[in-house]
Amino acid sequence: MTAVDAPAVPGGTAAVSPRVPRGRDGLVAAAVLVVLAAAPLFLAPFATTTLARILVFALFAVSLDLLVGVTGLPSLGHAAYFGSGAYAAGWVSINVTAEAPVPLLVGAAVGAVAAALTGWITVRTGGVFFLMLTLAIGETVQQVANTWESVTGGANGLTGVPAVRAGGAPLANAGFVYWYVLAVFVLGFVLVWLVARSPFGAALRGIRDNEPRMRAIGYPTALYKYGVFVIAGGVAGVAGSLLVAQQRLVTPADLGFLTASLALLAVIIGGAGSLWGACLGAALVILIRDALGPGLGGHGTLLLGIVFVLVVYLLPRGAAGLRLRRRSPS
Amino acid sequence: MAVHPTFDRRRFLGLLGAASALPVVAACGSSIGGSTGAPATGGGGGTVKVGLVVPQSGVYAALGTDMQRGWELWLADNGQRFGDYTVETVIADEGETPQTGVPAVQKVLQNGGVDVVVGLVNSATALGVRDLLTESKKLLVVTNAGAEAVTSTSRTPYIWRTSFTNGQVAAAMGTHLAQSGFSEGVYAIAPDYAAGTEVITAFTKAFESGGGRVVGSAKTPFGTTSDYQPFLTGIQSSGARAAFCFYSGAEAINFVKQYAQFGLASTIPLYGSGFLTEGNVLPQQGDAALGVQTTLHYTDQLDNPANKAFVQAYTAKYGEAPSCFSVQTWDAANVLDRALASATGLDGDSLATALGTVGAINDSPRGAWTFENQTPRQNIYLRRVDNSGGALVNAVVQDLGPQSQPAA
Numbered sequence: 001m002t003a004v005d006a007p008a009v010p011g012g013t014a015a016v017s018p019r020v021p022r023g024r025d026g027l028v029a030a031a032v033l034v035v036l037a038a039a040p041l042f043l044a045p046f047a048t049t050t051l052a053r054i055l056v057f058a059l060f061a062v063s064l065d066l067l068v069g070v071t072g073l074p075s076l077g078h079a080a081y082f083g084s085g086a087y088a089a090g091w092v093s094i095n096v097t098a099e100a101p102v103p104l105l106v107g108a109a110v111g112a113v114a115a116a117l118t119g120w121i122t123v124r125t126g127g128v129f130f131l132m133l134t135l136a137i138g139e140t141v142q143q144v145a146n147t148w149e150s151v152t153g154g155a156n157g158l159t160g161v162p163a164v165r166a167g168g169a170p171l172a173n174a175g176f177v178y179w180y181v182l183a184v185f186v187l188g189f190v191l192v193w194l195v196a197r198s199p200f201g202a203a204l205r206g207i208r209d210n211e212p213r214m215r216a217i218g219y220p221t222a223l224y225k226y227g228v229f230v231i232a233g234g235v236a237g238v239a240g241s242l243l244v245a246q247q248r249l250v251t252p253a254d255l256g257f258l259t260a261s262l263a264l265l266a267v268i269i270g271g272a273g274s275l276w277g278a279c280l281g282a283a284l285v286i287l288i289r290d291a292l293g294p295g296l297g298g299h300g301t302l303l304l305g306i307v308f309v310l311v312v313y314l315l316p317r318g319a320a321g322l323r324l325r326r327r328s329p330s
Numbered sequence: 001m002a003v004h005p006t007f008d009r010r011r012f013l014g015l016l017g018a019a020s021a022l023p024v025v026a027a028c029g030s031s032i033g034g035s036t037g038a039p040a041t042g043g044g045g046g047t048v049k050v051g052l053v054v055p056q057s058g059v060y061a062a063l064g065t066d067m068q069r070g071w072e073l074w075l076a077d078n079g080q081r082f083g084d085y086t087v088e089t090v091i092a093d094e095g096e097t098p099q100t101g102v103p104a105v106q107k108v109l110q111n112g113g114v115d116v117v118v119g120l121v122n123s124a125t126a127l128g129v130r131d132l133l134t135e136s137k138k139l140l141v142v143t144n145a146g147a148e149a150v151t152s153t154s155r156t157p158y159i160w161r162t163s164f165t166n167g168q169v170a171a172a173m174g175t176h177l178a179q180s181g182f183s184e185g186v187y188a189i190a191p192d193y194a195a196g197t198e199v200i201t202a203f204t205k206a207f208e209s210g211g212g213r214v215v216g217s218a219k220t221p222f223g224t225t226s227d228y229q230p231f232l233t234g235i236q237s238s239g240a241r242a243a244f245c246f247y248s249g250a251e252a253i254n255f256v257k258q259y260a261q262f263g264l265a266s267t268i269p270l271y272g273s274g275f276l277t278e279g280n281v282l283p284q285q286g287d288a289a290l291g292v293q294t295t296l297h298y299t300d301q302l303d304n305p306a307n308k309a310f311v312q313a314y315t316a317k318y319g320e321a322p323s324c325f326s327v328q329t330w331d332a333a334n335v336l337d338r339a340l341a342s343a344t345g346l347d348g349d350s351l352a353t354a355l356g357t358v359g360a361i362n363d364s365p366r367g368a369w370t371f372e373n374q375t376p377r378q379n380i381y382l383r384r385v386d387n388s389g390g391a392l393v394n395a396v397v398q399d400l401g402p403q404s405q406p407a408a
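In the order they appear, the protein sequences are chains A and B.
Its first residue numbered 1, the first sequence is counted upward by one per residue in UniProt numbering.
Its first residue numbered 1, the second sequence is counted upward by one per residue in UniProt numbering.
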């Protein structure tokens, strides 16, 4: 969970990654999980809903971090897969069934398929070209959502999505929805974490640090990048299905540029490459946008901008950088 | 030692903690169990708490300002009271999209503990909060969002509207143009999104049932079109006698200006849904807008005593003329005041029942109107942009009479 980030400091990787994960971090993770699971028992509905929204956005940010931080592919169109998954899950819930794993699986499948269809082109590029290409794809998908009214509801969005059903009973209560979101979030997070620390993930980090060299060693780098692009799309689709379960509404804004850039912001605030950092970043973004923003007389976005500037200036390696700094003697 | 003013982890976590404590302070309780756990506000009958959710940021911020002013003006003129109740207003920023609008409504409902929600510019937000209100059994008075579905296919007893429907405004123009010598050919153009489609559909239906013929139509990419020349060429070559359009905000400014620059204004007169020339877009369109005719349920030029008093008070207080957005929200306060006079409680069911019995709203600046299927049945006015003493105004040409929401 921590070893994902390879610090630029020589010796940093060797010093940090092998020895950390076991004992103390496992305890911290368990403690966080217990607190998160118990939260609805103590929090009022609005706080619970906000926390659920944070988890949804955190899973989305984590899937983006797999591209940005682990593989070094900065995407501005990742919301396209998040939104596609959300629309698909919503559509299935309305027209077929809202029974628990179905919207989730459909969201994941559509997110992955959408990524598979578009990824073949994008992963052949890198850097700024990748950024612009993903941006273009995101805008195109948003345009489709805006105009394909018979399926997406157009600019008015897909409304009237029924509550997710588990074992035949609808999850109508904010607390139950939260637990559903939390359970799926944990599954998704673990999946991404396993990918990131597998040999496959190590190859991805190699591609991030020096792609020509990886290719020279014999890695089919385009195939690796394509693979991670599809996985990230699938996880984003899962996050999209959670979005529908949580807000029971999808609109073109959910797959637009603003959503994609907020996710990128979350990843950068948290420290690209650190999965738990991306979750912290997502929490900060959603807290400002949804919990503080409405009461700021229209200055919610401004506050978000100020926080971003402060983070870039004061924490150049994001929230995750703090931990590394503490370990190295200063 | 560090050149960079870095944080240590402790200080960063402290900051995070402080930030997250703000929303959490008021967040204790439980989310499991009864969903009707909303706290009873105030001392029983004494206070009614209203959540005013209007855009304070984003492209609709100007509309939000007008709406807030309309609301505050009514309350100031009536001692901040609805009948026996003292009104306490909680304002929240709707933003631009449902991504910000839905959490804002959720926040005033669940965290602010309001009894009634008023506002909402964006139709998607109004449709998106439907389940939220139905499940918490609270009343929402929509003061702009014009999607037909809000009071037709997605109707719920808890959502009422004091503004208009997209089709209502457009259908009146369709009937009028069919009767005024343009029946042999009109070109219809609107942005390619839900509201544009509703406007064109209702216009075409009314125009054709009056014997008119639409000779061409176009949908322009929504929010991204800044050069309308290709579409204007299409209008010119279509042989249309008049053009009907639906644009608002920056698109309205661009379209009207380019229509005049292209030289079409003198040969093919421009008609539109009233938002084309309403509010703060008109001064920016300048002389290009002269002669453009639109239909709407309000103009500050209406000659009735209620409007005269309203315009005078509004202009004296805020230094500019009111728009239809101000009146829509002013009327929300107006109808809530009437409803609370007979309501048996502040829950959504009691308020909805009371709203059903308010009858004719005869002191509104827009003229008398009534609720029909929870949305106004109101007079629609044909207006023309004139120069009145150096300022551009939407002068009343004709009262097209009371109009209902068009049947789907």
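For each residue, glycine too, the CB sits at the ideal point set by N, CA and C.
- The shortest CA-to-CA distance from Leu-287 of chain A to any of A:Ala-29, A:Leu-27 and A:Thr-49 is the one to A:Thr-49.
- In the DSSP secondary-structure assignment, Asn-387 of chain B is bridged to B:Leu-392.
- In this structure, Asp-254 of chain A and Ala-79 of chain A form a Cβ contact; the two beta carbons are roughly 7 Å apart against a cut-off of 8 Å.
- Remark: C-beta atoms of Asn-156 of chain A and Ala-124 of chain B approach each other more closely than 8 Å.
- At least one CB atom of chain B sits nearer than 8 Å to the CB of Gly-298 of chain A.
- Its Cα nearest to that of Leu-135 of chain A, the residue A:Ser-261 stands out among A:Tyr-180, A:Tyr-313 and A:Ser-261.
- Neighbourhood of Gln-110 of chain B in chain A, by CB distance below 8 Å: Ala-44, Pro-45, Phe-46 and Thr-49, in chain order.
- Any Cβ of chain B closer than 8 Å to the Cβ of Ala-145 of chain A would place that residue at the interface, and such an atom is absent.
- Distance from the Cα of Pro-322 of chain B is smallest, within the candidate group B:Ser-154, B:Thr-162, B:Trp-71 and B:Pro-376, for B:Trp-71.
- Apart from sequence neighbours up to five positions away, the residues of its chain that approach Phe-229 of chain A with a beta-carbon distance below 6 Å are Ala-115, Gly-119 and Val-123, ordered along the chain.
- Judged by DSSP in its simplified three-state form, Glu-88 of chain B adopts strand.
- Around the beta carbon of Thr-143 of chain B, 16 or more other beta carbons sit within 10 angstroms, so the residue counts as buried.
- Runs of the beta strand (DSSP E) lying entirely within the stretch 202-265 of chain A, each at least 3 residues long, are absent.
- Each of A:Gly-83, A:Gly-298 and A:Val-128 was checked against the Cα of Val-113 of chain A, and the nearest Cα belongs to A:Gly-83.
- Note on Pro-212 of chain A: under 16 other CB atoms within 10 angstroms of its CB, so exposed under the neighbour-count rule.
- Buried is the label assigned to Gly-85 of chain A, since at least 16 other Cβ atoms lie within 10 Å of its Cβ.
- Looking from the CA of His-297 of chain B, the closest CA among B:Tyr-158, B:Asp-84, B:Ser-163 and B:Ala-202 belongs to B:Ser-163.
- Annotation for Ser-84 of chain A: the continuous alpha helix (DSSP H) segment containing it runs 79-95.
- For the stretch 109-130 of chain B, residues whose beta-carbon sits nearer than 7 Å to a beta-carbon of chain A comprise Gln-110, Asn-111, Ser-123, Ala-124, Leu-127, Gly-128 and Arg-130.
- DSSP assignment within the stretch 61-146 of chain B yields the following whole beta strand (DSSP E) runs of 3 residues or more, N-terminal first: 85-93, 116-119 and 139-142.
- Nearest in C-alpha terms to Lys-107 of chain B, of all of B:Tyr-85, B:Ser-136, B:Gln-80 and B:Gly-79, is B:Ser-136.
- Against chain A, the CB of Ser-154 of chain B has a partner CB under 8 Å away; the residue lies at that interface.
- In chain order, Glu-149 and Gly-154 make up the part of chain A whose C-beta sits under 8 Å from the C-beta of Thr-197 of chain B.
- Pairwise C-beta distances place the stretch 59-76 of chain B out of contact with the stretch 282-298 of chain B, as fewer than three of them are shorter than 8 Å.
- Setting aside the 5 residues that flank it on each side, Asp-399 of chain B is surrounded in the same chain by Asn-379 and Tyr-381, each with a C-beta closer than 7 Å to its C-beta; the list follows chain order.
- DSSP, reduced to helix, strand and coil, places Ile-268 of chain B outside both helices and strands of the structure shown, so it counts as coil.
- Taken atom to atom, the span from the alpha-carbon of Cys-279 of chain A to that of Leu-282 of chain B is near 46 Å.
- The beta carbon of Leu-303 of chain A lies closer than 8 Å to those of Ile-288, Leu-292, Gly-293 and Leu-296 in the same chain, with the five residues before and after it left out.
- Think of a sphere of 8 Å around the beta carbon of Ala-202 of chain B: no beta carbon from chain A falls inside it, the nearest being about 15 Å out.
- About 4 Å separates the beta carbon of Thr-159 of chain A from that of Leu-127 of chain B, a gap short enough to meet the 8 Å contact definition.
- With its beta carbon less than 8 Å from one in chain B, Gln-247 of chain A belongs to the interface.
- Contacts with chain A (Cβ-Cβ distance below 9 Å) from the stretch 243-257 of chain B involve no residue at all.
- If you look at Leu-52 of chain B, you'll find it in the beta strand (DSSP E) that goes 47-54.
- The beta carbon of Phe-231 of chain B sits closer than 7 Å to those of Ile-189, Ala-218 and Thr-220, all from its chain and outside the five residues before and after it, given in chain order.
- Closer than 9 Å at the C-beta level to chain A, one finds these residues of the stretch 47-67 of chain B: Val-53, Pro-55, Gln-56, Ser-57, Gly-58, Ala-61 and Gly-64.
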